[in-house]
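Asker:
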Amino acid sequence: MKRKARAGSKRFDFVDVTLRDAHQCLWSTRMTTAMMTPILGAVDRAGYAYINILGGAVFDVCVRYLHESPWERVRLLCERLETPCDALTRGQSLYTFELFPDDIVELNSQVFARLGVEVLTVYDALNDNRNIVSSVRSGHAAGMKVNTMMTYTLSPVHTDAYYVERTRELVRLKADFISIKDPTGLLTPERGRTLFPAVVKAAGGVPLKLHSHCQSGLAPEVYEIAIQSGFRYGYTASEPLANGASLPATEDIGARARRLGFRTSLDAAALKEIAGYFTCVAEREGKPLGRVAAYDPALYEHQIPGGMISNLRSQLQAMNMEHRLPEILEEVPRVRRDLGYPIVVSPFAQYVVTQATLNVVQGERYKTIPDEIRKYAMGYYGRLAAQPSDEFLERAGIQPGDAVTERPGEHIEPWIPRLRKELGASVPDEDLLLAAFYDKPLLEPLRKRAPQYEFRTTPLHELIRYFGSRDDIEYAHVRFAGTEMTFSA
Amino acid sequence: MMHRPPVAPMRKESLTYEDVLRIVELVKSTRFSEFRLKVGEIEVHLRRRNGASGAASGLQVAAESAAIAPSPSGVPGRTFAPDARLVRSPMVGTFYRAPGPGTEPFIEVGRHVEPDTTVCIIEVMKLMNSIAAETRGVVTEILVANGARVEYGEALMVIGPDPEDG
Chain A
5 MKRKARAGSK RFDFVDVTLR DAHQCLWSTR MTTAMMTPIL GAVDRAGYAY
55 INILGGAVFD VCVRYLHESP WERVRLLCER LETPCDALTR GQSLYTFELF
105 PDDIVELNSQ VFARLGVEVL TVYDALNDNR NIVSSVRSGH AAGMKVNTMM
155 TYTLSPVHTD AYYVERTREL VRLKADFISI KDPTGLLTPE RGRTLFPAVV
205 KAAGGVPLKL HSHCQSGLAP EVYEIAIQSG FRYGYTASEP LANGASLPAT
255 EDIGARARRL GFRTSLDAAA LKEIAGYFTC VAEREGKPLG RVAAYDPALY
305 EHQIPGGMIS NLRSQLQAMN MEHRLPEILE EVPRVRRDLG YPIVVSPFAQ
355 YVVTQATLNV VQGERYKTIP DEIRKYAMGY YGRLAAQPSD EFLERAGIQP
405 GDAVTERPGE HIEPWIPRLR KELGASVPDE DLLLAAFYDK PLLEPLRKRA
455 PQYEFRTTPL HELIRYFGSR DDIEYAHVRF AGTEMTFSA
Chain B
68 MMHRPPVAPM RKESLTYEDV LRIVELVKST RFSEFRLKVG EIEVHLRRRN
118 GASGAASGLQ VAAESAAIAP SPSGVPGRTF APDARLVRSP MVGTFYRAPG
168 PGTEPFIEVG RHVEPDTTVC IIEVMKLMNS IAAETRGVVT EILVANGARV
218 EYGEALMVIG PDPEDG
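In order, the protein sequences belong to chains A and B. The numbering used here applies: residue 5 is where the first sequence begins, and numbers increase by one. The numbering used here applies: residue 68 is where the second sequence begins, and numbers increase by one.
(1) Closer than 8 Å, CB to CB, is residue 354(A) near chain B or not?
(2) Exposed or buried, which one is residue 127(B) when buried takes at least 16 other CB atoms within 10 Å?
(3) DSSP beta-bridge partners for residue 158(B)?
(4) Can you look up residue 89(A) in the DSSP assignment and give me helix, strand or coil?
(5) Let's test the definition: count the other Cβ atoms within 10 Å of the Cβ of residue 186(A) and tell me whether it reaches 16, buried, or not, exposed.
(6) Would you say residue 219(A) lies against chain E (beta-carbon separation less than 8 Å)?
(7) DSSP puts residue 183(A) in a beta bridge; with which residues?
(8) Start and end of the alpha helix (DSSP H) containing residue 284(A)?
(9) Output the boundary residues of the alpha helix (DSSP H) element that contains residue 197(B).
(10) Less than 7 Å between the CB of residue 226(A) and some heavy atom of the ligand GTP, yes or no?
(11) Using a threshold of 8 Å, state whether the C-beta atoms of residue 88(B) and residue 283(A) are closer than that.
(12) Let me see if you follow: with CB-CB separation under 8 Å, is residue 480(A) close to chain B or not?
(13) Does any residue of chain A bring its CB to less than 8 Å from the CB of residue 93(B)?
(14) Output yes if chain B places a C-beta closer than 8 Å to the C-beta of residue 304(A); else output no.
(15) Cβ of residue 164(B) within 8 Å of Cβ of residue 196(B)?
(16) With distances taken between CB atoms, is the gap from residue 236(A) to residue 476(A) smaller than 8 Å?
(17) Thinking residue 355(A) and residue 194(B) are a contact (beta carbons under 8 Å), I'd like their distance in whole angstroms, please.
(18) Does residue 491(A) come within less than 8 Å of chain B when only Cβ atoms are used?
(19) Using a C-beta cutoff of 8 Å, does residue 24(A) count as contacting chain B?
(20) Check whether the segment 108-123 of chain A touches the segment 392-399 of chain A, taking contact to mean three or more Cβ pairs, one atom from each stretch, closer than 8 Å.
(21) Taking 8 Å as the threshold (C-beta atoms), are residue 133(A) and residue 412(A) in contact?
(22) Which residues, in order along the segment 168-193 of chain B, keep a beta-carbon less than 7 Å from a beta-carbon of chain A?
(23) From 170(A), 317(A), 144(A), 423(A), pick the residue whose C-alpha is nearest to that of residue 156(A); which is it?
(24) Check for me: the alpha helix (DSSP H) holding residue 258(A) runs from which residue to which?
(25) Which residues, in order along the segment 203-214 of chain B, keep a beta-carbon less than 9 Å from a beta-carbon of chain A?
(26) Specify the secondary structure class of residue 102(A) as computed by DSSP and reduced to three states.
(27) Evaluate residue 245(A) with the Cβ neighbour count: other Cβ atoms within 10 Å of its Cβ, from every protein chain shown; 16 or more gives buried, anything less gives exposed.
(28) Answer yes or no: do residue 22(A) and residue 70(A) have a C-beta to C-beta separation smaller than 8 Å?
(29) Run down chain A in chain order and give the residues with a C-beta less than 7 Å from the C-beta of residue 155(B).
(30) I want to verify the contact list: residues of chain A whose CB lies under 8 Å from the CB of residue 159(B), in sequence order.
(31) Along the chain, where does the beta strand (DSSP E) that runs through residue 483(A) open and close?
(32) Quick check on this structure: which residue in 369(A), 116(A), 143(A) has the alpha carbon closest to the alpha carbon of residue 57(A)?
(33) Quick check: what's the CA-CA separation for residue 143(A) versus residue 200(A)?
(34) In terms of residue numbering, what span does the alpha helix (DSSP H) encompassing residue 227(B) cover?
(35) Could you list which residues in chain A have their beta carbon closer than 8 Å to that of residue 197(B), in chain order?
(36) Which residue comes first and which comes last in the beta strand (DSSP E) that contains residue 56(A)?
See below:
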């Protein structure tokens, strides 16, 4: 049945994050390719406009922990999915927190396009858009659309005017889409009511996307404001992998959009199948399901992602200093102000938390300052949102003449000539890039053969796999509608 | 065998994910050695292994973490010369003698240091902290192996007076 859009009817569309950010937030990024392939058919039918399949953490976890080639995953997903695929990088840092030279960033864009990625999504953790220029240009040159993100945070300098200015920069860069990315779920409906219309106006017709997490529990309401303000797309996840530290549920935001009078292309039956499948995978693999978070006012003070607090707590436990966690959380806003309001997102979240911990544990502010924080404060990674405090600059021994003002990519020599020499002229681009990002021993396990992937499944099949995964069951017999199956261990 | 019509019949003949999850919930919440379920079209019969429990993975985690024994936080049984100064770790972290893999160590035993000489790096929560000698003298001993995990306040190096300072 062909659904024809009525002239002038309003639409709201969806970008799926189930295969990327959702499991990054809820399953420590541990969704394997084998967990994705059986349900790709339904994902394709669900009516998403785009499917986000890659991000910095996914790439890194593929290599370090899952021992899967991230390129093979991208290739396979792009091949199997008819819905256009979207891959995200951290701009000049790509998948890590180091800075890479322009030639590596450009080659990465070319490899994406060759593997079938249709949208390159890119952001810089300082919102210094000079750090995404090489990605945007090379993405366009390789034939991809480019979605640029600006990261939302709360501070006296991150005003609506600040984001309007960033939006204008992105329009000048010829971004095909502009997204607001709210990694800690700090947006409120109140702020959305002023921020969203201002950004829509500044974007001058470039379509907007919202990417907000659910830590504060307010994201679904924030999405409603975005829909009403003229945003065209929302990033969402399948229900079992939505909410909590993840993004809102597609099912929920779809229903809200329709209630507001917007048409969507979502297919309820396919969404139900995806949700059922991933709930079964969670059961089999012992992974948590997303839960709606309770509103937590403290989040707006320290702004630290939940995963990082639990990490910090375990580190403090190891030092027998767990009782100092409240002091450290209290020190965080102070350190953040002293550092010129970095956005509390990787890697700057680590900076702020580590410095606050050092300050509290040493009983003296800025007695020890990590080298990366010193470099950050000098502008080595990009422009700061605000000037660091005099106290910090003095303790760090940073003079006005030390400031780095050029684009960070400028101070890095090209790497490709050296890598080609080392690896041989015929080395595939994918291997060359991996060698640029990782030490050799980390890449060894990627040579193993990929498993045989299943590309279809049924609920009965998942039930049997569940029994098979439980090592306490020694005998199982299942009979259903003419199918009979027995196994014993 | 009945001839099947080419179009899916109205009668429910496919198991849904909801059905599966209800069965999973039942299996999880029941202590059983034998489990038989027959609802509508589906029949399940399970037997559980004797004495099996879900605790095995927990034990394994405990064993793994015990294997990474932290290095001692003090230097037991050691006394240092009264004029020796100890460089201590500001935090729990990892001790590195050189700025990067395959590069020269910052200092060796016998080297003269000034208060602002960087003597090592302590990696804390993935960030690198250059540690200064904080005193003038000569490195007389390095107490920790490169790459070792160090405790808060653990002594890393001993710095004695420089004989040339007389």
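Glycine residues also receive a C-beta, built at the ideal position from the N, C-alpha and C atoms.
Answerer: In short, the structure shows the following:
(1) If you number the first sequence from 1, residue 354(A) lands on position 350. True, the Cβ-Cβ gap to chain B drops below 8 Å.
(2) By 1-based counting over the second sequence, the position of residue 127(B) is 60. Low local confidence applies: a pLDDT of 32 at residue 127(B) is under 50, so the model's placement there is unreliable, with the coordinate-based value given in what follows. Residue 127(B) should be labelled exposed.
(3) As a position in the second sequence, residue 158(B) is number 91, starting the count at 1. Residue pairing by DSSP leaves residue 158(B) without any beta bridge partner.
(4) As a working note, residue 89(A) is residue 85 in the first sequence. It is a strand residue.
(5) Position 182 of the first sequence holds residue 186(A). Classification for residue 186(A): buried.
(6) Although the question refers to chain E, the structure presented lacks it and instead comprises the protein chains A and B.
(7) Here residue 183(A) is taken as the residue at index 179 of the first sequence, counted from 1. BP columns for residue 183(A) point to 153(A), 213(A).
(8) Within the first sequence, the letter at position 280 stands for residue 284(A). DSSP places residue 284(A) in the uninterrupted alpha helix (DSSP H) bounded by 272-289.
(9) In the second sequence, counting from the first residue as 1, residue 197(B) sits at position 130. Taken as a continuous stretch (DSSP letters only), residue 197(B) belongs to no alpha helix (DSSP H), being part of the beta strand (DSSP E) at 194-199.
(10) Absence of the ligand GTP is noted for the structure shown, with no ligands found whatsoever.
(11) Taking the second sequence and counting its residues from 1, one reaches residue 88(B) at position 21. Taking the first sequence and counting its residues from 1, one reaches residue 283(A) at position 279. Closer than 8 Å, so yes.
(12) Counting from 1 along the first sequence, the entry for residue 480(A) is found at position 476. Cβ-Cβ to chain B under 8 Å: yes for residue 480(A).
(13) The residue given as residue 93(B) occupies position 26 in the second sequence. With respect to chain A, the C-beta atom of residue 93(B) has no partner C-beta closer than 8 Å.
(14) Counting from 1 along the first sequence, the entry for residue 304(A) is found at position 300. False, the Cβ-Cβ gap to chain B never drops below 8 Å.
(15) Residue numbering aside, residue 164(B) sits at position 97 when the second sequence is read from its first letter. Residue numbering aside, residue 196(B) sits at position 129 when the second sequence is read from its first letter. Residue 196(B) is positioned such that its CB atom lies no closer than 8 Å to that of residue 164(B).
(16) The count along the first sequence starts at 1 and reaches residue 236(A) at position 232. The count along the first sequence starts at 1 and reaches residue 476(A) at position 472. Against a cut-off of 8 Å, the Cβ pair of residue 476(A) and residue 236(A) comes out as no contact.
(17) Taking the first residue of the first sequence as 1, we reach residue 355(A) at position 351. Taking the first residue of the second sequence as 1, we reach residue 194(B) at position 127. Residue 355(A) to residue 194(B), Cβ: 7 Å. Contact.
(18) On the first sequence, position 487 is the one that residue 491(A) refers to. For residue 491(A), no CB of chain B lies under 8 Å from its own CB, so it is not counted at the interface with that chain.
(19) Your numbering for residue 24(A) matches position 20 in the first sequence. Closer than 8 Å: no.
(20) Inter-segment contact for the segment 108-123 of chain A and the segment 392-399 of chain A is absent: fewer than three beta-carbon pairs are separated by less than 8 Å.
(21) The sequence position of residue 412(A) within the first sequence is 408, counting from 1. The sequence position of residue 133(A) within the first sequence is 129, counting from 1. One thing to note: residue 412(A) has its Cβ no nearer than 8 Å to the Cβ of residue 133(A).
(22) Correct list: 191, 192, 193.
(23) Locating residue 156(A) in the first sequence gives position 152, where the first residue counts as 1. Closest in C-alpha terms to residue 156(A), from the list 170(A), 317(A), 144(A), 423(A), comes 170(A).
(24) Residue mapping note: residue 258(A) aligns to position 254 of the first sequence, counting from 1. Where residue 258(A) is concerned, the enclosing alpha helix (DSSP H) stretches over 254-263.
(25) The segment 203-214 of chain B vs chain A, Cβ under 9 Å: nothing.
(26) Your numbering for residue 102(A) matches position 98 in the first sequence. It is coil, neither helix nor strand.
(27) By one-based count along the first sequence, residue 245(A) stands at place 241. A buried status is given to residue 245(A), since no fewer than 16 other beta-carbon atoms sit within 10 Å of its beta-carbon.
(28) What you label residue 22(A) is simply residue 18 of the first sequence in a count that begins at 1. What you label residue 70(A) is simply residue 66 of the first sequence in a count that begins at 1. In this structure, residue 70(A) does not lie closer than 8 Å to residue 22(A) by Cβ.
(29) As a first step, residue 155(B) must be located in the second sequence, where it is residue number 88. Chain A residues near residue 155(B): none, gap ~11 Å exceeds 7 Å.
(30) Residue numbering aside, residue 159(B) sits at position 92 when the second sequence is read from its first letter. Those are 319, 322, 323, listed as they occur along chain A.
(31) For the purposes of this step, residue 483(A) is identified with residue 479 of the first sequence, where counting begins at 1. Per DSSP, residue 483(A) belongs to the beta strand (DSSP E) from 477-484.
(32) The count along the first sequence starts at 1 and reaches residue 57(A) at position 53. The shortest Cα separation from residue 57(A) among 369(A), 116(A), 143(A) belongs to 116(A).
(33) Here the question's residue 143(A) lines up with position 139 in the first sequence. Here the question's residue 200(A) lines up with position 196 in the first sequence. Across the structure, residue 143(A) and residue 200(A) are spaced so that their CA atoms are roughly 26 Å apart.
(34) Residue 227(B) sits at position 160 when you count from the first residue of the second sequence. Residue range 222-227 is occupied by the beta strand (DSSP E) that includes residue 227(B), with no alpha helix (DSSP H) assigned at that position.
(35) Within the second sequence, numbered from 1, the residue matching residue 197(B) stands at position 130. Among the residues of chain A, those whose CB is under 8 Å from the CB of residue 197(B) are 375, following chain order.
(36) As a working note, residue 56(A) is residue 52 in the first sequence. Its beta strand (DSSP E) spans residues 54-58.
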